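Everything below concerns the one structure shown next.
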Amino acid sequence: MASLALLRSHEGNQPPRQDSALGKRHFEHVLLDNTKNEIRLLKIHHAKLDGHYSVGISTWPIAAAPRYAALSYTWGDDSKTETILVNKQVFQVTPNCRYAVKQLHYLSPYEQYQYYWIDSICIDQSHSDERSHQVNIMSDIFARADCVFVSLG
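At position 97 of the sequence shown (counting the first as 1) the number is 146 in the numbering used here, and the numbers step up by one without a gap.
Written out as structure tokens, the structure reads:
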């Protein structure tokens with residue numbers, strides 16, 4: 050079982066950008082340590098914040114990660130985005146991803162999983178080295194998941 054000492058929280062590590070429309074900061078990923086094969090895992094918050102679905106995110110070495118479920122879904126049109134909150138900060142996702150988070154939001158109180166892996170949120174898509182490394186270990190990420198949920202949108 051993973052020790053909480055292995056957990057790296059993403060809260061308060063960087064001063065994120067401000068979103069003037071929502072009055073909230075934009076979430077920015079903390080760089081993963083590829084030498085430790087780190088992954089990010091999400092916790093779905095059961096209450097919506099300011100009308101948005103909300104998740105917490107934390108970093109774990111993949112070999113010491115807690116039990117988690119992975120999500121497989123189609124990204125859809127990435128030119129259209131919707132807002133969720135990651136660590137209480139604004140994060141833009143595709144409508145299909147928001148729909149999947151919504152489904153997990155309603156499902157998670159009844160499921161045994163506290164942690165989830167969703168590629169478009171857990172991988173910093175703007176960082177090409179991280180994205181490349183995470184794609185290379187993606188088969189391990191899915192293999193280590195206790196189960197894989199599929200969202201058909």
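For every residue, glycine included, the Cβ atom is placed at its ideal position computed from N, Cα and C. All figures in this text were calculated on a predicted structure; none of them were measured in a lab.
task = Determine the DSSP secondary structure at S181, reduced to helix, strand or coil.
result = Position 132 of the sequence shown, counted from the start, is the residue given in the question as residue 181. S181 sits in a helix when the DSSP states are folded into three classes.
task = Determine the DSSP secondary structure at A96, reduced to helix, strand or coil.
result = In the sequence shown, counting from the first residue as 1, residue 96 sits at position 47. Residue state, collapsed to three classes: coil.
query = What's the C-alpha gap between R18 and S169?
reply = An answer regarding residue 18 cannot be provided, because it is not within the stretch 50 to 202 covered by the chain.
request  = Express the C-alpha separation of L201 and D99 in angstroms, rounding to a whole number.
outcome  = Indexing the sequence shown from 1 puts residue 99 at position 50. Indexing the sequence shown from 1 puts residue 201 at position 152. Going from the Cα of D99 to the Cα of L201 covers about 27 Å.
query = Ends of the beta strand (DSSP E) at Y155?
reply = The count along the sequence shown starts at 1 and reaches residue 155 at position 106. First-last for Y155: P144 to L156, but that is the alpha helix (DSSP H), not the beta strand (DSSP E).
message = For a test of the three-state rule: what should DSSP assign to A113, helix, strand or coil?
response = Translated into the one-based positions of the sequence shown, residue 113 becomes position 64. Reduced to three states, the DSSP call for A113 is helix.
query = So which of Y117, G125 and T108 has the shortest CA-CA distance to R259?
reply = With the chain covering only 50 through 202, there is no way to say anything about residue 259.
message = Looking only at its chain, what residues have a beta carbon closer than 7 Å to the beta carbon of F76, apart from the 5 residues adjacent to it on each side?
response = By one-based count along the sequence shown, residue 76 stands at place 27. Excluding residues within five positions, the ones whose Cβ falls inside 7 Å are P65, V135, N136, Q138, V139 and F140.
query = Tell me the DSSP bridge mates of H78?
reply = Counted from its first residue, the sequence shown places residue 78 at position 29. BP columns for H78 are empty, so no partner.
request  = Ignore the nearest five residues each way along the sequence and tell me which others in Y159's own chain have a CB closer than 7 Å to its CB.
outcome  = For the purposes of this step, residue 159 is identified with residue 110 of the sequence shown, where counting begins at 1. Within the same chain, Y159 has no close Cβ partners at all.
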